[in-house]
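The sequence shown begins at 0 in numbering that gives the first Met the number 0 and counts up by one.
The block underneath contains the structure these notes are about, expressed in structure tokens.
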Amino acid sequence: MLHLYRQESSEFEHCFNIETSAPLTSEELTRLKRILAHGFIAETVSESSFLNGEGKAVEAGPRMNFATAFYANVSQICNDTLLQKVVRIERSRRIISPSGEILKYDRMIECVYAEPLVSFGPGIKPEQVKVIPLMEQGPDALILPGLAMDEWDRDFYHDYFVKQHGRNPTNVEIEDLNNTNSEHSRHGYFKGRQIHDGVEMQETLLEIVQS
């Protein structure tokens with residue numbers, strides 16, 4: 000893993016974490032520095048950190064379980080400039096912090112790097128495949144952490160797997176169906192009939208938003 004640094008201020012810099020398929024030549028490294036530099040000036044990018052203020056250098060950047068839009072854009076530029084050795088680049092932020100903590104980062108898509116990255120491996124082990132005991136415990140077996148199923152959903156899947164197919168589902172099947180049939184994916188409520196005080200609305204909520 001190659002690390003390049005670009006200074007933004009005396010207490011803030013960007014770190015470019017770079018995975019390559021083979022070591023870069025001196026000419027390739029200079030070309031990559033120009034791509035990442037301010038104003039294509041290779042000297043504004045260094046192989047060592049610019050931070051030298053009082054306090055601890057702390058770093059935060061993208062989580063490793065997905066590739067960012069930054070990577071997609073830089074990857075295309077590298078391909079166009081014949082830097083095919085570059086496999087992936089992700090950008091992180093490094094600051095000098097008196098408390099040793101980064102106060103502002105998006106916990107949904109970012110995390111703190113306790114040490115410089117050595118790979119882009121997510122370090123996440125998939126959950127083991129398990130059988131959900133619907134036949135033994137009934138619909139309430141689907142009352143599980145992370146599953147936002149109401150009573151109708153639980154009865155629907157119980158009917159499908161137990162009554163129609165005579166078997167228990169796996170957690171993989173349930174997670175997949177839960178995501179596929181969610182309001183976010185299907186918009187069953189937003190595109191469904193709305194009845195207020197016994198009178199059906201002429202338009203669905205989605206049609207109102209789209210009009």
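Idealized CB from N, CA, C, for every residue including glycine.
Buried versus exposed, by CB contacts within 10 Å (16 or more), residue i
i	result
Ile173	buried
Ile194	exposed
Gly60	buried
Val111	exposed
Glu150	exposed
Val44	buried
Glu27	buried
Ile142	exposed
Glu100	exposed
Asn78	exposed
Val198	exposed
Residue of the options minimising C-alpha distance to residue i
i	options	result
Arg90	Leu102, Thr80, Phe119, Gly197	Phe119
Pro138	Pro144, Glu126, Asp154, Val130	Asp154
Ile131	Arg166, Ser25, Val57	Arg166
Glu46	Tyr156, Leu3, Glu26, Ile108	Leu3
Asp105	Ser98, Arg33, Arg92	Arg92
Ala41	Glu53, Arg5, Gln75	Arg5
Lys84	His186, Val198, Thr43, Leu1	Leu1
Leu146	His164, Phe160, Glu182, Ser8	Glu182
Phe15	Phe69, Ser98, Ala56	Phe69
Integer Cβ distance of residue i from residue j, believed to fall under 8 Å
i	j	result
Val128	Thr67	In fact, because the Cβ distance is near 30 Å, the residues do not count as touching under 8 Å.
Gly54	Ser96	6 Å
Ser25	Val86	Their Cβ separation, rounded to whole angstroms, is 19 Å, which puts Ser25 and Val86 out of contact at 8 Å.
Ile94	Phe11	5 Å
Segment limits, beta strand (DSSP E) that includes residue i
i	result
Phe15	11-19
Ser184	Taken as a continuous stretch (DSSP letters only), Ser184 belongs to no beta strand (DSSP E), being part of the alpha helix (DSSP H) at 182-185.
Start-end ranges of the alpha helix (DSSP H) lying completely within the segment 37-117, minimum 4 residues = 68-79
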